[in-house]
Structures are given as structure tokens and as C-alpha cells.
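Student:
Protein chains: 2
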Amino acid sequence: MTIRNSLAAIHPLIAARRSPRAFDPARPVSDEAVYAMLEAARWAPSAFNSQPWRFIVGRKGDETYARILDALSEGNRVWARNASLLILTVAQEHGEHGPLRYAWHDLGLATAQLILQVMALGLYAHPMAGFSKDAARDAFGIPVDFAPVAVVAVGYLGDAADLPEALREREDAPRSRRSLSETAFQGTWGHPAVL
Amino acid sequence: MTIRNSLAAIHPLIAARRSPRAFDPARPVSDEAVYAMLEAARWAPSAFNSQPWRFIVGRKGDETYARILDALSEGNRVWARNASLLILTVAQEHGEHGPLRYAWHDLGLATAQLILQVMALGLYAHPMAGFSKDAARDAFGIPVDFAPVAVVAVGYLGDAADLPEALREREDAPRSRRSLSETAFQGTWGHPAVL
Chain A
1 MTIRNSLAAI HPLIAARRSP RAFDPARPVS DEAVYAMLEA ARWAPSAFNS QPWRFIVGRK
61 GDETYARILD ALSEGNRVWA RNASLLILTV AQEHGEHGPL RYAWHDLGLA TAQLILQVMA
121 LGLYAHPMAG FSKDAARDAF GIPVDFAPVA VVAVGYLGDA ADLPEALRER EDAPRSRRSL
181 SETAFQGTWG HPAVL
Chain B
1001 MTIRNSLAAI HPLIAARRSP RAFDPARPVS DEAVYAMLEA ARWAPSAFNS QPWRFIVGRK
1061 GDETYARILD ALSEGNRVWA RNASLLILTV AQEHGEHGPL RYAWHDLGLA TAQLILQVMA
1121 LGLYAHPMAG FSKDAARDAF GIPVDFAPVA VVAVGYLGDA ADLPEALRER EDAPRSRRSL
1181 SETAFQGTWG HPAVL
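In order, the protein sequences belong to chains A and B.
Counting along the first sequence from 1, when you hit position 87 you're at 87 in our numbering, and nothing is skipped either side.
In short: position in the second sequence from 1, add 1000, done, that's our numbering.
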């Protein structure tokens, strides 16, 4: 296998994507940008075109934002309160014809498209699993067939120096992932794909 | 709400993405392209950086490809056999510390990054849920903590005229999605976000 430069090989939007904690608290996101990121999500593929995704969109200063912020875990709330948007993502787990087994998977497809559109707009996104699902369900009256899944913080990059010290260090830490040879296989399980 | 042009508002890679059935059976995909699409997937975000994704990569002519093709439903096999790659995506549902509840969601995030990298390479991708999970598990010895989730067909666009007639019509049909006002909410469930 030849040595290759991982991030240089991939599209700049994907290569530059990361999940910051330092957001600019003073710079709002335009309606056009919000529209574009939701449209990007909406055009994702899904099993049988079931589109098992919904988004609850909070903008800093409005009641929706305040309720999503309240549902976040303490550790997330400390930095996410600087984000311009807090978007709650919701999976439709049951449809007219029974369970939608691909609900979480397809919500993931749509959320990735949202995040990459965010990057294309010069913004950053940080998806979080750390929030109270019950609080989110209660706050918005989410029906039983639907499940709150993630909160995505969106905004312009802020100054890492404004973060609490422990978070500041994480902000500058290099990203890490399991190696490709432990991730992509061929032939049998665990056998690295030859690239 | 002003009238806006949905696809014009979003990044060209996302706007142009669709799931074709007409693939060019004669044009192989380079190793560099396979590397880039897997790298794009590998750098996706995930809950607690758990990276609950694996990929089994079949290239037309190899045994891995043949086994994935065999696992596909009849309706998918008829066109997917022209794809240059068949990639089986796998979610890690259980880890060292118990169930990974975000496995399918995060696999969706990674798969969307793979698909958009495919688009950036001038190729197309078509993710499928229609295949035998049992056959796929048996064919590759996938452990019980992991679940086969999707097969992604990848290749250069082919000639729709070569498809069976019923599929040819679907190839040219406009894509459709539920409206944004039924997808993005604010305030309370079902109340359209004001954009």
C-alpha cells in the first residue's frame, strides 16, 4: 500500500469539518443560511424515500432555542449557549405501515448533509448526543412515533481563548480516528481492504 | 416567506446527488477513488467518537463483490450488477461498555460523507436497504455485535436506455421530498419554522 495523505485526498468541505466548542456569540446566522442547511438535509436519500427526519430549529434569543439549551447536559450547555442555532433532530421510528428500521440511519444521512452545507456556508456545526430526551420530548410535544436523537449547535467560529481551560485544550487537540485498515475490509471480516 | 429556489440554495455536490440505477459496467473505479471515499467516511463525527462503522468493499470481478451482489434483492440485483463497487455498510451495535445506541445514526453520518465524496469524484452512489442481512452476515462472518445495514452501489453513470423499461422511467422521474414546512418546526411540534 502506498502512503497517502488522508485529508488531502478528500473534498475540502469534508476534510475541514470538525466539531468546535468555540462559537461566536454575537454573530447571527441569516435566514438564507438556515434555509439552505435545512434544504440540504431535506434532499438526503432514505429507505423507500421514507424521509424519517424532522428538525426543530432554535435561534438564539427565541423560546425554541432556550428550551433546547435547557435540555442539554451541563457539559454541553457551558459552550453550546454561544451557538447561533440549536437544531434538535428527530427520527420517525414508526410510520403508517409499521416500524421504520432505518429511521436513525437516514436521519444520520440527512444530518451529515446539513452539517456539510453548514461548512459550505462558512459556519461550523457540532452534533451532540448529550441531552435529556425526555426534556426535549416534553418541551415540544414530540409524538410517541418520533424520537429526539441529536442537538446540532451551529454558528460562526469563536475565540477558543474564551472557553474554560479544559475545553480550550480539547479545542486544539488533533482529531483522531481508527485506522482505515481496521475500518474497511474485503474477503472476510477483519481482513483489510487492499487499496 | 419568500419564494426560494431549493436546489440553487445548496452546495452543488448535495444538489446534484441522486441515486441512479444506470451505471457504466465497463468503467472501473481507481484505487485512489476508493481510498478517498472511505477516508471521507472515516472522518465523520460520532457520539463519543465511537466510530461505530465498518465497510466491506467489493470491486467488480472480485469475490467480495460477488457475495454482496448475491445478497441483494432481485429488484436491486438487476441493475446493481453494473456498478463498479458494491460496499456493504455495517453498524457496531454493541461496544465494550454496552449498547451503542447511535450506531445506525452515526453509520448514516459516515455513509453520507462517503456518498458526497463519491459525487466529488465524478461518480454516483445508490444506497440500498433491499438485501438479505442474514446472507450478508453469513458471507463475511460478521460478528453478533455488528449489523449489516446498507449496500452502496458506486460507479460512473451509464446509459439509462440500457435499463429495463420500468426502471428507465424511474431513472428520469423528478425527485420528490416532503415540504420544508412539514419537516422543520419551531415553537411546538408541527408548527413550521419561519424562514
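Note that the Cβ used here is the ideal one computed from N, Cα and C, for glycine as well.
With distances taken from CA atoms, which of A:Leu85, A:His94, A:Tyr102 is nearest Ala203 of chain A?
Tutor: With chain A covering only 1 through 195, there is no way to say anything about residue 203 of chain A.
Student: Straight-line CA distance for Val1149 of chain B to Ala139 of chain A?
Tutor: Using only the alpha carbons, I get a separation of about 32 Å.
Student: Determine whether the Cβ of Asn1076 of chain B lies closer than 9 Å to any Cβ atom of chain A.
Tutor: Asn1076 of chain B does not count as touching chain A.
Student: Output, in chain order, the set of chain A residues within a Cβ distance shorter than 8 Å of Phe1185 of chain B.
Tutor: Going along chain A in sequence order, the residues near Phe1185 of chain B (Cβ under 8 Å) are Arg54, Phe55, Ile56, Val57, Phe140.
Student: Let me check one thing: in DSSP terms, what residues is Val1152 of chain B bridge-paired to?
Tutor: Partner(s): B:Ile1087, B:Pro1127.
Student: Only counting the same chain, and skipping five residues up and downstream in sequence, which positions put a Cβ closer than 6 Å to that of Ala963 of chain B?
Tutor: Here chain B covers residues 1001 to 1195 and nothing more, so residue 963 of chain B does not appear.
Student: Going by Cα to Cα distance, which pick from A:Leu72, A:Trp79, A:Trp43 is closest to Val151 of chain A?
Tutor: Among A:Leu72, A:Trp79, A:Trp43, the Cα nearest to that of Val151 of chain A belongs to A:Leu72.
Student: Shorter than 9 Å from the beta carbon of Ala153 of chain A to some beta carbon of chain B?
Tutor: False, the Cβ-Cβ gap to chain B never drops below 9 Å.
Student: Please classify Leu1007 of chain B: is it buried, with 16 or more other beta-carbons within 10 angstroms of its beta-carbon, or exposed?
Tutor: It counts as exposed.
Student: Ala147 of chain A by DSSP, collapsed to three states: which one?
Tutor: Ala147 of chain A: strand per DSSP, three-state reduction.
Student: From this set, B:Glu1093, B:Pro1174, B:Gly1190, B:Gly1187, which residue's C-alpha is nearest Pro1143 of chain B's C-alpha?
Tutor: Closest option to Pro1143 of chain B, Cα to Cα, is B:Glu1093.
Student: Which residues, taken in chain order from the stretch 93 to 114 of chain A, show a beta carbon closer than 9 Å to some beta carbon of chain B?
Tutor: Cβ contacts with chain B come from Arg101, Tyr102, Ala103, Trp104, His105, Asp106, Leu107, Gly108, Leu109, Ala110, Thr111, Ala112, Gln113.
Student: Check whether the Cβ atoms of Leu107 of chain A and Pro45 of chain A sit closer than 9 Å, and answer yes or no.
Tutor: Contact: no.
Student: Which parts of the stretch 1001 to 1029 of chain B are runs of the alpha helix (DSSP H), unbroken and 4 residues or longer, counting only runs that do not cross its ends?
Tutor: The qualifying runs are 1006 to 1009, 1012 to 1016.
Student: If we cut at 9 Å on Cβ distances, does Pro1028 of chain B have a partner in chain A?
Tutor: No, because no Cβ of chain A sits closer than 9 Å to the Cβ of Pro1028 of chain B.
Student: Measuring only between beta-carbons, confirm whether Val1144 of chain B sits less than 9 Å from chain A.
Tutor: It does not; no Cβ of chain A falls within 9 Å.
Student: What residues in the stretch 157 to 173 of chain A have a beta carbon less than 9 Å from any beta carbon of chain B?
Tutor: Cβ contacts with chain B: none found.
Student: Does Ala1022 of chain B pass the burial test, meaning 16 or more other C-beta atoms within 10 Å, or should it be called exposed?
Tutor: Result: buried.
Student: From which residue to which residue does the beta strand (DSSP E) around Ile68 of chain A run?
Tutor: Premise fails: Ile68 of chain A lies in the alpha helix (DSSP H), 63 to 71, not in any beta strand (DSSP E).
Student: Taking only three categories from DSSP, how would you classify Val1057 of chain B?
Tutor: Strand at Val1057 of chain B.
Student: For Asp31 of chain A, go through chain B and note every residue whose CB falls closer than 7 Å to its CB, in chain order.
Tutor: Here the neighbours are Leu1195.
Student: Under 8 Å Cβ to Cβ from Glu1169 of chain B, same chain only, skipping five residues before and after it: list those, please.
Tutor: The answer is none, since no qualifying residue turns up.
Student: Check whether the Cβ atoms of Leu123 of chain A and Val57 of chain A lie closer than 9 Å to each other.
Tutor: No.
Student: So what does His1094 of chain B bridge to, in DSSP terms?
Tutor: Paired residues: B:Pro1099.
Student: With a cut-off of 9 Å, does the C-beta of Pro20 of chain A fall near any C-beta of chain B?
Tutor: Not closer than 9 Å to any Cβ of chain B, the Cβ of Pro20 of chain A fails to qualify, so no.
Student: Rounding to the nearest angstrom, what Cα-Cα distance links His126 of chain A and Tyr35 of chain A in this structure?
Tutor: Approximately 18 Å, taken between the alpha carbons.
Student: Does DSSP put Ala1044 of chain B in a helix, in a strand, or in coil?
Tutor: Reduced to three states, the DSSP call for Ala1044 of chain B is coil.
Student: Measuring only between beta-carbons, confirm whether Phe1048 of chain B sits less than 9 Å from chain A.
Tutor: Yes, because at least one Cβ of chain A sits closer than 9 Å to the Cβ of Phe1048 of chain B.
Student: For Leu1100 of chain B and Ala1110 of chain B, what's the separation of their Cα atoms in angstroms?
Tutor: Looking at the two C-alpha atoms, the distance is approximately 15 Å.
Student: For Arg175 of chain A, does the count of other Cβ atoms within 10 angstroms reach 16, so buried, or fall short, so exposed?
Tutor: Its Cβ having fewer than 16 others within 10 Å, Arg175 of chain A is exposed.
Student: Around the C-beta of Thr1183 of chain B, are 16 or more other C-beta atoms found within 10 angstroms, so that it is buried, or is it exposed?
Tutor: By the 10 Å Cβ count, Thr1183 of chain B comes out buried.
Student: Can you say whether Ala1112 of chain B is buried or exposed, counting buried as having 16 or more other CB atoms within 10 angstroms of its CB?
Tutor: Label assigned to Ala1112 of chain B: buried.
Student: Indicate the three-state DSSP secondary structure (helix, strand or coil) for Ala110 of chain A in the structure shown.
Tutor: Note: Ala110 of chain A maps to helix in three-state DSSP.
Student: Check this for me: beta carbons of Leu1038 of chain B and Leu180 of chain A, under 9 Å apart or not?
Tutor: Yes, these two residues count as a Cβ contact at 9 Å.
Student: Could you say which of B:Asn1005, B:His1011, B:Trp1079, B:Pro1020 lies nearest to Leu1157 of chain B if we only look at CA atoms?
Tutor: Out of B:Asn1005, B:His1011, B:Trp1079, B:Pro1020, B:Pro1020 has the C-alpha closest to the C-alpha of Leu1157 of chain B.
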